[in-house]
Amino acid sequence: MNESTPLVRVRGLVKEHGDGESWVRAVDDVDLEVPQGQTVAVMGPSGCGKSTLLHLLGGLERPTSGEIWVAGRRTDGLSERALARLRRRSIGFVFQAFHLVDELTAAENVELPALLAGRSPRAARRRADVLLEQVELADRARHLPSELSGGQRQRVAIARALANEPQVVLADEPTGNLDSAATLDVLRIFADLRATGQTLVVVTHDERVAATADRLISMRDGMFVDDTQLAGTGTGRLGGLVGLEG
Amino acid sequence: MGRVVLVVRLVLADVRRHKTHAAMLVLAVTAATATLALGLSLYNASQSLYVQTRAATAGPDLVLLAPDTGPASTAALKTLANDPDVVDHNGPYDIVYGTLTARGYSSSVVVHGASPTPGAVDRPLVTAGTWVRRGGAVIERGFATALGVKVGDRVVVSGHTYPVVGIAVTAATSIYPWSAGIGPLGGPSDYTGLLWLTAPEARALAGRDLTITTALDLKLRDPDATEAFRLAHRGLSVRLNLHSWQFIAVQDGHIVQNTQPMLVVGGWLLGFLAVTGVAALAAGRATEQTRRAGLLKAVGATPGLIGVVLLTEYLVLSLLAEAAGLVVARLVEPAIANPTDSRIGHVVGPAGLTLAATTALALAAALLTTLPPTVRALRTATVAALTSTAQYSRHRPWLTSLSSLLPTPLLLGLRLTARRPGRAVLHSCSTAVTLTGLTALLTFYAQPVRGYGIASSLPNGRDVVDRRLLLAVTVLLVVLALVNTIAMTWMTAMEARTSLAITRALGATPGQVSAGLSFAQLLPAVPGAVAGVYVGVVLFAFTSRGPMSMPPRWWLVAAVLATLLATAALTALPARLAARRSVAHTLSAEAA
Amino acid sequence: MQDAVLAMLAKEPSHGYELRARLRRSLGPFGEPMNPGQIYVTLARLEKAGLVVCERSDAEKPDRKVYAVTPAGQERVAAWLTEVGWPKPDLVEFHLKLVAAAASRLADPVELVAAQRRELLRTLREAQQSALSEPPGSPATALLEGVVLRLQADLRWLDACERGYSRRRDESEDA
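Here it is, written out as structure tokens:
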């Protein structure tokens, strides 16, 4: 896979739920290409299908029709086993509800994907410590999730998502359950990830999170209605916002 | 009045919502109480059957057996017949010892010489065909069932062929195969069956070098004074054997001698299984119960009322199951209390002791399973109860480190087991009970079979009955244990579904997850199985009379392995189903 | 702006350039485009109003002047600090823009909203990046946070506008 091949590619993706009266098209014929190193934000009102899109990308749900390519591999037809292996190697997940295991400490939570991938416990623990350092929670490594604030829990979850050095990180409303200060912490981490060239697809309805992305996709009723580049466009008009003339 | 209606409504709604729990409880308690009730009332049942047969056949109060037909014996018998305490008598009549062959079987037989018109004492009840006549034989019913002989068949008694003209029941002898009161010449007797011929024909049979004794049936003025009569007539010139009706009744009980402990112990084991299974279910619903209690408290219910609501459901179900169990016991009782078919009569209701024991079992089952969660629910403060979430957050660092060293399925299995240590213990106990039953069964089968002697080719009736019964109890145990295992696996899978969904999102395959769930059930099963074997052997030694021979070791090992394999197989199905659920679905539902 | 400068002088008399530096620090990136001479114009106005007095003046070199607050100025500062007025949000102009576009059919209001939204998002991005790159403890962080949150509120309002206008458009299309 060379530099120009997109890391994530989607063609004609469709996902339908229900039958008869409750039939709904959560994702309606979507095409998408995400090059390596790009941060993409997907915004839209609730029920527009953005979370479903993310689940489809990560293999947590199966599409009704269409093609999905991740890291050069076609994933829509894979068996559950193969999808699990794919998630181990190539995809990291961050959820709105954090979804940490309650009876494991932060460090044990973060090392879990590495253990599942078959790495030795020592290597997994070392990696976990490094990642917790990265998210500035090294001093909380031995704490249980119940002893951490929401923001800290989400940071642990992000560290966990990075455990196996995934090629793409998928985040579903990562700041949905966080207050303003915790959101800033998460934004800072995402900014650092961007700087290291991590490919990131974030689903959100928080404009601040969307603003960190290079590219913003707006979704409604299962379809993309807008796709703009945000990066590299300075307005130089900050002063005007606060009534200070330049 | 309104409160009662409320309680009834709440209980009904809860039962409707948790039909499987209710069904499991009812099934388990019914099986346990039926077995226990059977076991406890067996002896009484056999006694009652004897008494009814005695009434129906005008059974004698005493049977005197003389060692031969000499004049001295006859004279002694006649003297006793004229005793002032004796109201009526039958005989003296001949008893001839011979061998019988019929339908390919052979057996020792005692032939009673009988009158075609029985007197006031000892009138055997004919249940098929007619009474003796010239050239026709009547077989005692127990004997006939063992041989498979019907009216119209032919039997050969010591060389003579007779057609079977009738089948009858009597109270003058013990049940088959102890129809011979004494052996030839007053010695010990083999296992024999009973046959009636007319007196002349019996005498003619005896003429061919077959031993005979003489018997006399007595009816006393005071039917219960048999012991007094015996004491009064000790030290006679002729050695006579006096069998009282009480003695025969006690002999009847011997056929169920082994059966009783089997059923009683089996009943308690089943009760134990019921408790473990339902306790696991109740513990799984503990959070929900706590929340319900909190809700009721918040709307103003007193702790007493809440306690009633939480306990009533299980208590009522348990008691209903007990009633069902008693009905089942009553229906099955005749077959087990009268396995030889030698007696007639209908079954009587359960005695006080039986009722007390089964009620104790039912209440124990209900209370042991619901009391801990109920007490906890009542103790929790209202606010905490309303927001109560399941708590499995005991952090065990040593276990986490240990499981990290294992491959993924074992890692998951170990961590799943650790979440609910209580349930693991219950599952262990459940497996232990299953293996106790299986071990008892195998040990029983390993005992040497005592035949009925050289002359008899019929199977040992008691052993046959015992084996069948033990097999039935063991099957019940195994079935209940299976139900328990499936229920516990399902519950574990349900409770852990978010955790497992996260693990799958992080890269565990469905195969690893379902293997993990299976391991979670297997890990506690192993120590339980081993313990169960030891307990089974000990229990058997404790309850068996006489020397016990151990079954071959590989039988027991095979039983353990078979149980573990069955556990693994049983847990595989719910585990697979649970592992196939959509991850996204589970996680979104959880977050919602 | 005048009141803020006056308040900064209330602590102790300062040179003009000291005041300017302090202002720049407090405003962070927003202080960049500030005209260097602006501060002296403001100070001159304050002096004229009698709220500030110049100590040790040197007419040739204005930046050698030290300015101090007068008692009248102190009173004004005290009054200003306890005022609870809040600056007016300026939504009216854009709202009228949309109404006019819809009525005159010269432009599609939905498109206008989308364009404005893109613009605001880019601005938000800049403000946020600045906030993240400010050193910790910098006074400008609070200001940036305020800007970001206001932009967020404005974006939400734009979402509402867009929903309203696109519903109107769908209805008219169906008609």
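The listed protein sequences derive, respectively, from chains G, A and B.
Residues 2 to 247 (this note's numbering) are what the first sequence spells out, left to right.
Residues 1202 to 1793 (this note's numbering) are what the second sequence spells out, left to right.
Residues 54 to 228 (this note's numbering) are what the third sequence spells out, left to right.
Backbone N, C-alpha and C fix where the C-beta goes; we use that ideal spot for every residue, glycine too.
Cβ-Cβ distance between residue i and residue j below 8 Å
i	j	result
residue 1719 (chain A)	residue 1773 (chain A)	yes
residue 1473 (chain A)	residue 1634 (chain A)	yes
residue 26 (chain G)	residue 67 (chain G)	no
residue 122 (chain B)	residue 62 (chain B)	yes
residue 1504 (chain A)	residue 1579 (chain A)	yes
residue 1751 (chain A)	residue 1722 (chain A)	no
residue 1286 (chain A)	residue 1422 (chain A)	yes
residue 1541 (chain A)	residue 1456 (chain A)	yes
residue 1232 (chain A)	residue 1681 (chain A)	yes
residue 107 (chain G)	residue 89 (chain G)	no
residue 1354 (chain A)	residue 1339 (chain A)	no
residue 225 (chain G)	residue 31 (chain G)	yes
residue 1262 (chain A)	residue 1424 (chain A)	yes
residue 1238 (chain A)	residue 1530 (chain A)	yes
Contacting residues, own chain, Cβ-Cβ under 6 Å from residue i (five flanking each side not counted)
i	result
residue 1246 (chain A)	1534 and 1538
residue 1571 (chain A)	1483, 1512 and 1515
residue 1349 (chain A)	1304
Nearest residue (CA-CA) to residue i, options the options
i	options	result
residue 178 (chain B)	G:77, G:189, G:46 and G:64	G:189
residue 80 (chain B)	B:131, B:199, B:128 and B:132	B:199
residue 219 (chain G)	G:24, G:46, G:40 and G:16	G:46
residue 191 (chain B)	B:160, B:78, B:85 and B:124	B:78
Residues of its chain near residue i, where Cβ-Cβ distance is below 8 Å and the 5 sequence neighbours each way are ignored
i	result
residue 215 (chain B)	163, 166, 167 and 170
residue 1711 (chain A)	1705, 1777, 1780 and 1781
Where residue i falls, given that 16 or more other Cβ within 10 Å makes a residue buried
i	result
residue 1331 (chain A)	exposed
residue 230 (chain G)	exposed
residue 28 (chain G)	buried
residue 1781 (chain A)	exposed
residue 1743 (chain A)	exposed
residue 1644 (chain A)	buried
residue 1432 (chain A)	exposed
residue 1225 (chain A)	buried
residue 1698 (chain A)	buried
residue 1291 (chain A)	buried
residue 149 (chain B)	exposed
residue 1623 (chain A)	exposed
Neighbour flag for residue i against chain A, beta carbons, 8 Å
i	result
residue 18 (chain G)	no
residue 34 (chain G)	no
residue 106 (chain G)	yes
residue 282 (chain G)	Chain G is shown only over 2 to 247; residue 282 (chain G) falls outside these bounds and no answer can be derived.
residue 118 (chain G)	yes
residue 96 (chain G)	yes
Cutoff 8 Å: residue i Cβ touching any chain G Cβ
i	result
residue 1712 (chain A)	yes
residue 1706 (chain A)	yes
residue 220 (chain B)	no
residue 1247 (chain A)	no
residue 1777 (chain A)	no
residue 145 (chain B)	no
residue 117 (chain B)	no
residue 1595 (chain A)	yes
residue 55 (chain B)	no
residue 1784 (chain A)	yes
residue 129 (chain B)	no
residue 1698 (chain A)	no
residue 59 (chain B)	no
Below-8 Å beta-carbon distance, residue i vs any chain B residue
i	result
residue 188 (chain G)	yes
residue 141 (chain G)	no
residue 192 (chain G)	yes
residue 211 (chain G)	yes
residue 229 (chain G)	yes
residue 258 (chain G)	Limits of chain G in this structure are 2 at one end and 247 at the other, which puts residue 258 (chain G) out of reach.
residue 217 (chain G)	yes
7 Å CB neighbourhood of residue i in its chain, flanking five on each side removed
i	result
residue 186 (chain G)	152 and 156
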